[in-house]
Structure formats: structure tokens, C-alpha cells
Amino acid sequence: MKLSTEDLEGGVTRVILDGRLDIEGAAAVDLRMNVIAGSCKKMLVDLQQVTFLGSMGLRSILVPAQAVSRRGGKVVLFAPTKMVEEVLTSSNIHTIIPIHHELSSALAVFL
Amino acid sequence: MSGFPVQIMPQDDATVAEKQLALRSRLEDLKQVWPWVNALAAEYAFPADTRFAIDLCLEEGLSNIIRHGYAGDPDHTIAVTFSVNDLTGLTFTILDNAPHFAPDLSSAQELTPASIEQVKPGSLGIHLMKKFASTLTYEQLPNGNRLTIGFPVPALEQADSLRCGN
């Protein structure tokens with residue numbers, strides 16, 4: 001599981017995840033996700049390259065998202081694949097963290 | 112390692128194949144599951160969505176056994192059996208010898224968190240299994256537990272050709 005970041009305009013931090021967010025993948029990114037969440041208020045989690053998402057992977061997204069939310073920030077999930085999105089929607093995560101497939105609409109959430 | 116006799120389910124006329132994977136009760140052993148499922152998917156031509164659902168349900172079921180059933184004790188065994196059956200579809204049976212547990216396998220209730228703070232991270236495993244499996248049954252055994260997870264058969268023609276030896 002790989003994690004990289006990119007600073008976008010407007011103070012948005014794009015967190016790019018790449019690989020399987022299974023138990024092993026979640027353990028590999030948890031610490032960095034939490035550190036990033038502790039220092040940004042606009043976090044766009046790019047899921048384009050995430051090929052699997054289980055409950056521990058969901059946790060790796062939710063815990064940092066809660067940290068950002070507690071500090072008054074926002075999190076957006078960007079471009080999950082079909083089955084990864086199904087995991088998110090079947091847990092109704094999409095009702096509390098928006099999912100967008102176009103970068104422009106994802107970034108508009110932060111305006 | 113505490114072992115137990117692996118119980119092979121009797122095959123009926125409609126069962127065309129059965130394969131097993133033996134794991135120890137440690138999370139790192141879950142690394143074996145994905146390649147095993149991938150090999151099965153290649154052999155039996157599972158659609159990608161079915162493979163994803165199988166992968167998800169096995170990770171959730173097995174990690175629950177390792178973390179809660181065996182409470183992290185790494186020296187037990189877990190047996191996963193896969194079978195294809197014309198009538199019942201794809202079936203994965205997980206056998207362990209952990210203390211009995213009583214999972215709530217009733218139909219998945221819709222989760223309706225009002226805010227991000229209301230979501231309990233890490234509590235979604237069984238909920239996801241209910242959503243992604245077509246059948247989910249649990250049985251207490253004299254010395255353990257049996258969790259059976261079913262998925263629709265992806266291509267009946269494939270199963271037919273396997274049974275005919277083609």
C-alpha cells in the first residue's frame with residue numbers, strides 16, 4: 001500500500017492511496033494518515049488506485065476524517081472504483097463524507 | 112499449535128470441486144488468502160465483483176476469528192474450504208476451534224450515522240459481510256465454530272464443463 005500527498009490550490013491536501021486497503025494495507029498507512037489529518041483542514045482522499053477496501057481500511061479513512069472534522073475541517077473521497085464505492089455506500093459513509101468522481105466538484109466542497 | 116481434525120463436508124452429486132486452505136491464527140497469515148482467492152477466481156472464472164466480495168468476506172470473517180475468537184493467540188489453526196455446487200453456488204466454509212460466539216447474522220440493518228462522529232470505526236466487519244455475501248450461516252460445533260459464506264455461482268457452464276471433465 002502506497003501513500004503520497006500533493007498540495008492543491010486553496011490549501012487542499014490530496015492524499016493519494018494506491019493498493020489494497022486490507023488489514024495489512026491499513027496498518028501500512030494508518031500512522032501517516034493520522035499525522036496528515038492532524039495538520040490539514042481540507043483533505044481530499046484520492047481512492048482511484050485503491051483496489052480493495054475492508055473494514056480496517058475503512059477505519060484508516062474514518063479515524064483521520066473524524067480528526068479533521070473535530071477541528072472544523074472537511075474531507076472528501078475522490079474517485080473510488082465501483083466495488084470500493086459499494087463498500088462505502090453500503091456502510092452509508094457517503095452520507096457523512098461526500099464522494100465525488102470529478103476533481104472540480106470534489107474541490108468545490110472546500111469552497 | 113493446537114490442531115483439530117479438519118471436517119470435510121460430504122460432497123453431493125452437484126458439488127463439482129472442493130479446495131482447502133489451512134491458516135494459523137495470526138493476521139499475517141491472511142496474506143495467503145488473497146492469492147488463494149485469485150487462483151480460484153482464475154480457475155473458475157469468477158467475475159471481478161464476486162472475487163472482491165469473497166475477498167472482503169474472508170478477510171472480515173477470518174480476522175474476527177483471529178482477533179476475537181482466539182483473542183490474538185497465534186498458535187491455533189483455521190481451515191477454509193471452498194466448494195462449487197450447481198445448486199448452492201460458491202461456498203466458503205471457515206472452521207475454527209475457538210470458543211463459541213454468537214454473531215448477529217440477521218439481515219443487515221441500514222446504518223444511518225447522523226454525523227461523522229457517530230460512526231464507530233472498526234465495527235463494520237459483520238455488516239459488510241451481510242451486505243456482500245448472498246448467504247451467511249453460523250453453527251456451533253462441539254469443539255469450535257463453522258461459518259459458511261455463500262456467493263452466487265458465476266457461470267453455470269463453467270461448473271458443467273468441470274464436472275464433465277472438459
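As given, the protein sequences belong to chains Y and S, one line each in that order. My numbering applies: residue 1 is where the first sequence begins, and numbers increase by one. My numbering applies: residue 112 is where the second sequence begins, and numbers increase by one. Backbone N, C-alpha and C define an ideal beta-carbon position, used for all residues, glycine too.
Going by DSSP, Y:Met43 is part of the beta strand (DSSP E) stretching over 42-53.
Nearest to S:Met240 by C-alpha distance, out of S:Glu228, S:Pro232, S:Ala182, S:Asp215, is S:Asp215.
Chain order gives the chain Y residues near S:Asp166 as Phe52, where near means a beta carbon separation below 7 angstroms.
Per DSSP, reduced to three states, the secondary structure at Y:Ile97 is coil, with no helix or strand assignment. Interface residue (Cβ-Cβ distance to chain S less than 9 angstroms): Y:Met83 is classified as such. S:Glu221 counts as exposed, since fewer than 16 other C-beta atoms from the protein chains shown sit within 10 angstroms of its C-beta. A contact between stretches requires three or more CB pairs, one per stretch, nearer than 8 angstroms, and the stretch 72-88 of chain Y fails this requirement with the stretch 178-192 of chain S. Neighbours of S:His187 in chain Y, taken as residues at a C-beta separation under 8 angstroms, are lacking, since the least C-beta distance is about 18 angstroms. Proximity to S:Glu171 across Y:Glu102, Y:Ile23, Y:Cys40 peaks at Y:Ile23, based on C-alpha coordinates. Within chain Y, Phe52, Met83 have C-beta atoms less than 8 angstroms from the C-beta of S:Phe163, given in sequence order. Against chain Y, the CB of S:Ile227 has a partner CB under 9 angstroms away; the residue lies at that interface. Taking a 10 Å sphere around the C-beta of S:Leu132, we find 16 or more other C-beta atoms and assign the residue as buried. Put simply, the backbone Cα of S:Val144 is about 23 angstroms away from that of Y:Ile61. The continuous beta strand (DSSP E) containing S:Asp207 extends over residues 200-207. Exclusion of the five residues before and after Y:Val75 leaves Met43, Ala65, Val68, Ile97 as the residues of its chain whose Cβ lies within less than 6 angstroms of its Cβ.
A distance below 7 angstroms between beta-carbons, with the five flanking residues on each side excluded, links Y:Phe52 to the following residues of its chain, in chain order: Arg20, Leu21, Asp22.
Within chain S, no residue has its CB atom less than 7 angstroms from the CB of Y:Arg71, the nearest being about 12 angstroms off.
For Y:Ser91, a Cβ of chain S is located within less than 9 angstroms of the residue's own Cβ. Along the length of the stretch 155-231 of chain S, whole beta strand (DSSP E) runs at least 3 residues long occupy 188-196, 200-207, reported in chain order. Taking 9 angstroms as the cut-off, the beta carbon of S:Gly236 is found closer than this to the beta carbon of S:Ser174. If you check each beta-carbon in the stretch 12-34 of chain Y against every beta-carbon of chain S, the ones closer than 7 angstroms belong to Asp22, Ile23, Glu24. Rounded to whole angstroms, the separation of the alpha carbons of Y:Thr13 and S:Arg257 is 45 angstroms. Burial of Y:Glu86 is indicated by the presence of at least 16 other C-beta atoms within 10 angstroms of its C-beta. Taking a beta-carbon distance threshold of 9 angstroms, Y:Leu58 counts as an interface residue toward chain S.
DSSP places Y:Asp7 outside any alpha helix (DSSP H); the residue lies instead in the beta strand (DSSP E), whose first and last residues are 2-8.
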